[in-house]
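In what follows, a single structure is set out as structure tokens and then discussed.
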Amino acid sequence: MPTVSLSRRIENIDADIVFTQLKDLDSYPEIADGVQKVEVRWDADGAAATSDWEVKFRDGALRWTERDFFDAEARTYSFTQVAGDLVAFEGRWQVQADGADTVVSFAAEFDLGMPSLAAMLDPIAGRALHDNIEELMTAISSSVSVS
1 MPTVSLSRRI ENIDADIVFT QLKDLDSYPE IADGVQKVEV RWDADGAAAT
51 SDWEVKFRDG ALRWTERDFF DAEARTYSFT QVAGDLVAFE GRWQVQADGA
101 DTVVSFAAEF DLGMPSLAAM LDPIAGRALH DNIEELMTAI SSSVSVS
């Protein structure tokens, strides 16, 4: 499966503050243009959720439902698509302290489910995912820097 990974350093911001913003999925449409809609249904323990997503993709939108798992102690957020436009989409966010700074990392795998067109479409989808995650990282960085 194709993969996308990137990371961003956020200077002079506590990792727990960044993780709290990362976990606030409901705020994503407000802080990132590429995220059109997120609806979150939290489990009773607050450590997991089911979320419905709609994000911009080229001239349209991609939609999916995923299971989200949050580990506040490890500052990780992992997700797995359970339904949607892609055959598979799963990945992980990691927030790590690095001195006074914080490093946010993202890695995911996806499968569009079109093997005959994979050579042409996978790079386009990978670039779109990369751009959306980069925009989200910038938005998270900006929102915690202003707080």
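Residue numbers (full-length UniProt numbering): 1 to 147.
For glycine and all other residues, C-beta sits at the position ideal for the given N, C-alpha and C.
Source: prediction; values computed, not measured.
Count the other CB atoms, across all protein chains shown, that sit within 10 Å of the CB of L117; report buried if there are 16 or more and exposed otherwise. exposed
Top-ranked residue by Cα proximity to S51, from P115, A74 and T80: T80
Pair within 8 Å by beta-carbon distance, N132 and V55: yes
When you compare only the Cα positions, how much space is there between Q21 and D122? 30 Å
For G126 and F57, what's the separation of their Cα atoms in angstroms? 11 Å
Beta-carbon within less than 8 Å of A48's beta-carbon, same chain only, minus the 5 sequence neighbours each way: which residues are those? W42, R67, D68, F69 and F70
Cut-off 6 Å between Cβ atoms - residues of its own chain near G113, not counting five sequence neighbours on either side: V87
With a floor of 4 residues, list each alpha helix (DSSP H) that falls wholly inside the UniProt domain "Coenzyme Q-binding protein COQ10 START" (15-136), ordered by position along the chain. 15-23 and 28-31
Name, in chain order, the residues that DSSP records as bridge partners for T138. In DSSP, T138 forms no bridge with anything.
Of the residues E90, I140 and F89, the one placed nearest residue 160, counting alpha carbons only: For the chain, the structure presents residues 1 to 147; residue 160 sits outside this window and is missing.
Locate the beta strand (DSSP E) running through I10, then write down its first and last residues. T3 to I10
Selected residue, minimal CA-CA separation from G99, among I13, V144, L6 and S145: I13
What do you reckon, are the CB atoms on G91 and A108 nearer than 8 Å? yes
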